[in-house]
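Enquirer:
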DNA sequence: CGTAAATATACCTTGACAGGTATATGCTCT
DNA sequence: AGAGCATATACCTGTCAAGGTATATTTACG
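Residue numbers (the numbering used here), protein chains in the order written: chain A, 228 to 356; chain B, 228 to 356.
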């Protein structure tokens, strides 16, 4: 099991991670909230633990699992290289739509007026560094 | 081949995506830049295309492939739920380190002074909405 | 029109991983 | 100590996807 990407490729593991984002949980709690067999939960938790996505502490017979940030940050870092791209993409699209708006603003009825909606992408904050 | 996560689980596919972030490329260019056999490149490109990660246009015998933003944005959206978490995590860590600094600031030599370094996480900009 | 280049597809083999069943380990409480 | 709960591990099996080899398709060009 190599990269963080293979880890989060598994739907059940993603479900577990999403569950843990709110608070730490025991195996049993995860088991019944997600409705999967205990043995499955345990095995996925093992994978997640060995990959550093979660850590556990012992509470009597239970083990409490909680998230660890690093591996997810790693995914985020990989994704970073594409953000500039899709910002550019959305910008270009907007410019295109603006042009269409303008070109159309002379003639007839004007049935569909386009609205500027908040596309909350990261705009250049000079963080190019 | 279900989710976008399975698509990017494959290292060669991630390599292709990273390559395409700079500009569109032909199959042959990808092939030799990444040093993998043409048949492999073509098959991965097929997967990427069917998943919407790339699109292609025909240029004589070549096909030029370029990125499409949507699937990567989807990954980004999934990741979003964890950002608040790891921001909180880093904040807590910083507070902890601050406390250690303070507690240590009475006594002896003070060999290692900790420096505030720029952890460029997304700080609350009220974008909770 | 035939050949060569660029790319796609078909088929096969192999390996890896997820899930199931059964069982082991560890802890608590009486 | 023994019973019972919570969790982990071992083993087996089916599935699926990646890579290799061979071949098909498309296009340019002499």
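For each residue, glycine too, the CB sits at the ideal point set by N, CA and C.
The model shown is predicted, which means the values in this text are computed figures rather than measured ones.
Any heavy atom of the ligand FAD inside 6 angstroms of the beta-carbon of residue 318 (chain A)?
Expert: In the structure shown, the ligand FAD is absent, as is every other ligand, since no ligand is present at all.
Enquirer: Which same chain residues, not among the five before or five after residue 234 (chain A), have their C-beta less than 8 angstroms away from its C-beta?
Expert: Here the set comprises 228, 240, 274, 275, 278, 280 and 298.
Enquirer: Note down, in chain order, each residue of its chain lying with its Cβ closer than 8 angstroms to the Cβ of residue 318 (chain B), except the 5 sequence neighbours on either side.
Expert: Correct list: empty, nothing qualifies.
Enquirer: Which residues in chain A have a C-beta closer than 7 angstroms to the C-beta of residue 316 (chain B)? List them in chain order.
Expert: Going along chain A in sequence order, the residues near residue 316 (chain B) (Cβ under 7 angstroms) are 296.
Enquirer: For the stretch 305–317 of chain A against the stretch 310–327 of chain B, are there 3 or more C-beta pairs whose distance is under 8 angstroms?
Expert: No, the stretch 305–317 of chain A is not in contact with the stretch 310–327 of chain B.
Enquirer: Does chain B have any CB closer than 7 angstroms to the CB of residue 232 (chain A)?
Expert: It does: the Cβ of residue 232 (chain A) has a partner Cβ on chain B nearer than 7 angstroms.
Enquirer: Just list the residues that DSSP pairs residue 292 (chain A) with in beta bridges.
Expert: According to DSSP, residue 292 (chain A) bridges with A:252 and A:283.
Enquirer: Please go through the same chain and pick out, in chain order, the residues whose beta-carbon is closer than 8 angstroms to the beta-carbon of residue 322 (chain A), but skip the five residues on each side of it.
Expert: Cβ within range, chain order: n/a, list empty.
Enquirer: Can you list the residues of chain A that residue 300 (chain B) reaches, using a CB-CB cut of under 8 angstroms?
Expert: By Cβ distance, chain A contributes 313.
Enquirer: Does the Cβ-Cβ distance between residue 285 (chain B) and residue 231 (chain B) come in under 7 angstroms?
Expert: Result no, Cβ atoms of residue 285 (chain B) and residue 231 (chain B) do not sit closer than 7 angstroms.
Enquirer: Between the alpha carbons of residue 248 (chain A) and residue 290 (chain A), how many angstroms are there, rounded?
Expert: Taking the straight line joining both Cα atoms gives about 17 angstroms.
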